[in-house]
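There are 2 protein chains.
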Amino acid sequence: MDMNNPLNITKKPKLTKKGQETRSRIIVAAAELMYEQGVARTTIEDVQHKAKISSSQMYHYFKEKKELILEVISYQTSKIIENHRRYLSDLDSFEALYAWRDFIVDIQIKRNCEGGCPLGSLASELVETNAEVHQEIMSSFFEWEDSIRKGLRYMLNRGELNSNADPDKLALALLAALQGGLLLTQVRRDPKPIIIALDTMIEHINSFKKI
Amino acid sequence: MDMNNPLNITKKPKLTKKGQETRSRIIVAAAELMYEQGVARTTIEDVQHKAKISSSQMYHYFKEKKELILEVISYQTSKIIENHRRYLSDLDSFEALYAWRDFIVDIQIKRNCEGGCPLGSLASELVETNAEVHQEIMSSFFEWEDSIRKGLRYMLNRGELNSNADPDKLALALLAALQGGLLLTQVRRDPKPIIIALDTMIEHINSFKKI
DNA sequence: CGAATTTCGGAGTATACATTCCAAAAAAAC
DNA sequence: GTTTTTTTGGAATGTATACTCCGAAATTCG
Numbered sequence: 167m168d169m170n171n172p173l174n175i176t177k178k179p180k181l182t183k184k185g186q187e188t189r190s191r192i193i194v195a196a197a198e199l200m201y202e203q204g205v206a207r208t209t210i211e212d213v214q215h216k217a218k219i220s221s222s223q224m225y226h227y228f229k230e231k232k233e234l235i236l237e238v239i240s241y242q243t244s245k246i247i248e249n250h251r252r253y254l255s256d257l258d259s260f261e262a263l264y265a266w267r268d269f270i271v272d273i274q275i276k277r278n279c280e281g282g283c284p285l286g287s288l289a290s291e292l293v294e295t296n297a298e299v300h301q302e303i304m305s306s307f308f309e310w311e312d313s314i315r316k317g318l319r320y321m322l323n324r325g326e327l328n329s330n331a332d333p334d335k336l337a338l339a340l341l342a343a344l345q346g347g348l349l350l351t352q353v354r355r356d357p358k359p360i361i362i363a364l365d366t367m368i369e370h371i372n373s374f375k376k377i
Numbered sequence: 167m168d169m170n171n172p173l174n175i176t177k178k179p180k181l182t183k184k185g186q187e188t189r190s191r192i193i194v195a196a197a198e199l200m201y202e203q204g205v206a207r208t209t210i211e212d213v214q215h216k217a218k219i220s221s222s223q224m225y226h227y228f229k230e231k232k233e234l235i236l237e238v239i240s241y242q243t244s245k246i247i248e249n250h251r252r253y254l255s256d257l258d259s260f261e262a263l264y265a266w267r268d269f270i271v272d273i274q275i276k277r278n279c280e281g282g283c284p285l286g287s288l289a290s291e292l293v294e295t296n297a298e299v300h301q302e303i304m305s306s307f308f309e310w311e312d313s314i315r316k317g318l319r320y321m322l323n324r325g326e327l328n329s330n331a332d333p334d335k336l337a338l339a340l341l342a343a344l345q346g347g348l349l350l351t352q353v354r355r356d357p358k359p360i361i362i363a364l365d366t367m368i369e370h371i372n373s374f375k376k377i
């Protein structure tokens, strides 16, 4: 829910089913392009071509480029959260933790280590550009961090970790290692950095393993 | 030394002392602007104003924007390497490791946690744009990683760490934690992520401490 | 069915921005 | 001191790109 407008007071023109389809086609196309080439280098015209729409449609569904960007951030965030939930909502063992790691690493390998993190790259490019965008990105990362923390808490509650383990700290450190690892993997075109970054973190978590 | 041109064969026009000053004024101005607002949003005109030069000067010293960008990458890299060397070249204890951490954290605090890593943000924005730029960024990160590795090797040789410690892995993991921590600190405008990311890594290194 | 609303096509606009050009001032070389 | 080279000023150009506008087709709604 949009906390700036909890009652949904803005009178947006209603969207037909067809309209909704077109709108999401635009968002998906924009998301892919912005992921591949960055936001600044992604032209509205590029998006139009990819989504097979005219410019009147573009501005029918989005007031301006910034609005489209906000939607792209939110789209990428939900995609990530959903994909990771499968692993994080059921973290009952170190095997499960390594399965999560494999999931992340495999994506990078499939992509030839190009592109980095769909959210991290948006973040780096956009944090300092606009307050609203900044806010959206910050919320996204909080949500992601939270889902990791919940996973670790679950491990703790299951008795896999001893009481010295601090899920708050570990979640933040894991997310940082993930982000930095993905950046270095992207730069080097080599899965090694993300593997080592995550493995080192998991090894550290292993030091809190209950015997 | 530029490995693509070890004998310096290219006939660049000689630079007068005044010319060199102007040239580096341009690079410094560009570096600051690109750090604050990103490369794409930094206009040649912006750089001209900040460096107090005319556009003929800009293109007298740099063939095109890309060439200026390459110089900015190299400038930021040497600044980082030099600043970190003071801490890393003499890593003789865990106190020294924490001093390095403090150095990194203090910079962020002084900057209100804005801007992130001067190299990391360039990397994220530019890796996928151009092969030459990509190469330059990759070399920069290798150099940085190497200086961290040497620091850790020094600790190992001094007998601070036991033989289970792998300086190669730890250096890469530390750099990843550093990059991810800085990104999250930038996003949250809060030093906490970089502190926790580095501290967690150092704690892990501590598990290799020789008793 | 007929009116209202939404979706779409595509030409048009305005501006921002990288780059070029011409010539003059300043400095270096001889 | 004259010639050559480098540095500088600033106007001009061309293109890329975000955004607007108008009317027509399609769809929804009563």
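Protein chains in written order, with my numbering: chain A, 167 to 377; chain B, 167 to 377.
Idealized CB from N, CA, C, for every residue including glycine.
Listed by chain order, chain A residues near residue i by CB distance under 7 Å
i: Gln203(B); result: Glu294
i: Pro359(B); result: Leu338 and Ala342
i: Lys316(B); result: Simply none; closest approach about 18 Å.
i: Ala289(B); result: Leu349 and Val353
i: Gly185(B); result: Residues of chain A passing the Cβ test: none, with the nearest at roughly 32 Å.
Nearest residue (CA-CA) to residue i, options the options
i: Met200(A); options: Leu292(A), Gln223(A), Asn249(A) and Leu254(A); result: Leu292(A)
i: Ala342(A); options: Phe374(A), Cys283(A), Tyr320(A) and Met321(A); result: Cys283(A)
i: Ile361(A); options: Phe374(A), Asp212(A) and Gly346(A); result: Gly346(A)
i: Val353(B); options: Asp268(B), Gln274(B) and Ile368(B); result: Gln274(B)
i: Ser290(B); options: Ala339(A), Met367(A) and Arg355(A); result: Arg355(A)
i: Asp272(B); options: Leu257(B), Asp256(B), Glu294(B) and Asn249(B); result: Asn249(B)
i: Lys376(B); options: Ala339(B), Pro357(B), Leu322(B) and Leu349(B); result: Leu322(B)
i: Asn278(A); options: Glu202(A), Ala363(A) and Thr182(A); result: Glu202(A)
i: His300(B); options: Ser240(B), Lys180(B), Tyr320(B) and Leu348(B); result: Ser240(B)
i: Glu294(A); options: Lys180(B), Gly281(B) and Met304(B); result: Gly281(B)
i: Thr188(A); options: Pro359(A), Glu211(A) and Met224(A); result: Met224(A)
i: Leu344(B); options: Gly185(B), Pro333(B), Pro359(B) and Lys335(B); result: Pro359(B)
Inter-residue CB distance, residue i and residue j (contact presumed, cutoff 8 Å)
i: Val205(B); j: Leu288(B); result: 7 Å
i: Leu285(B); j: Thr351(B); result: Leu285(B) to Thr351(B), Cβ: 15 Å. No contact.
i: Ala196(A); j: Val238(A); result: 5 Å
i: Ile247(B); j: Glu309(B); result: 6 Å
i: Arg207(A); j: Asp258(A); result: Not a contact, Cβ separation roughly 43 Å.
i: Leu364(B); j: Ile270(B); result: 7 Å
i: Thr378(A); j: Ala331(B); result: Residue 378(A) falls outside the range modelled here, since chain A spans only 167 to 377, and no answer is possible.
Where residue i sits in the DSSP three-state scheme
i: Leu181(B); result: coil
i: Leu257(A); result: coil
i: Lys229(A); result: coil
i: Lys218(B); result: coil
i: Lys376(A); result: coil
Contact list for residue i against chain B, beta-carbon separation under 7 Å
i: Ile235(A); result: Within 7 Å Cβ-Cβ: nothing; Ile235(A) doesn't reach chain B, min ~13 Å.
i: Phe228(A); result: Near Phe228(A) there are no residues of chain B at all, since even the closest Cβ is about 20 Å away, more than 7 Å.
i: Met321(A); result: Neighbours of Met321(A) on chain B: none; closest Cβ ~16 Å, over 7 Å.
i: Ile362(A); result: Lys335, Leu338 and Ala339
i: Glu280(A); result: Glu294
Close-in-space but distant-in-sequence residues of the same chain around residue i (CB under 6 Å, 5 per side omitted)
i: Ala337(A); result: Glu311, Ile314, Arg315 and Leu318
i: Ser190(B); result: none
i: Ile368(A); result: Leu263
Neighbourhood of residue i by C-beta distance below 8 Å, restricted to the same chain and skipping five residues each side
i: Glu298(B); result: Lys232 and Leu236
i: Ala372(B); result: As written in the sequence, residue 372(B) is Asn, which differs from the Ala given in the question. Here the set comprises Phe260.
i: Ser220(B); result: Gln214
i: Ile303(B); result: Ile239, Leu285, Leu288, Ala289, Leu292 and Val293
i: Ile192(B); result: Val213, Ala217, Ile219, Gln223, Met224, Tyr227, Phe228 and Leu234
i: Pro357(B); result: Val271, Gln274, Ile275, Cys279 and Thr351
i: Phe307(A); result: Leu285, Ala289 and Leu341
i: Gly185(A); result: Tyr227
Partner residues on chain A for residue i, Cβ-Cβ distance less than 9 Å
i: Val194(B); result: Under the 9 Å cutoff, chain A gives no residues; its nearest Cβ is about 19 Å from Val194(B).
i: His370(B); result: Thr366, Met367, Glu369, His370 and Ser373
i: Arg354(B); result: Met304, Phe307 and Phe308
i: Leu344(B); result: Ala342 and Gly346
Same chain, Cβ closer than 7 Å to residue i, neighbours up to 5 away in sequence not counted
i: Ser329(B); result: none
i: Leu327(B); result: Met321, Phe374, Lys375 and Lys376
i: Phe228(B); result: Leu234
i: Arg251(A); result: Ser313
i: Asp256(A); result: Ala262
i: Pro333(A); result: Arg315, Leu318, Arg319 and Leu322
Closer than 8 Å at the beta carbon, the chain B residues around residue i
i: Ala197(A); result: Correct list: empty, because the minimum Cβ distance to chain B is about 15 Å.
i: Gly325(A); result: Residues of chain B passing the Cβ test: none, with the nearest at roughly 22 Å.
Any non-hydrogen atom of the ligand GTP within 8 Å of residue i CB
i: Val353(B); result: This structure lacks the ligand GTP; in fact it carries no ligand of any kind.
Residues that residue i contacts on chain B, provided the C-beta gap is smaller than 9 Å
i: Ala206(A); result: Gly204, Val205, Ala206, Arg207 and Glu291
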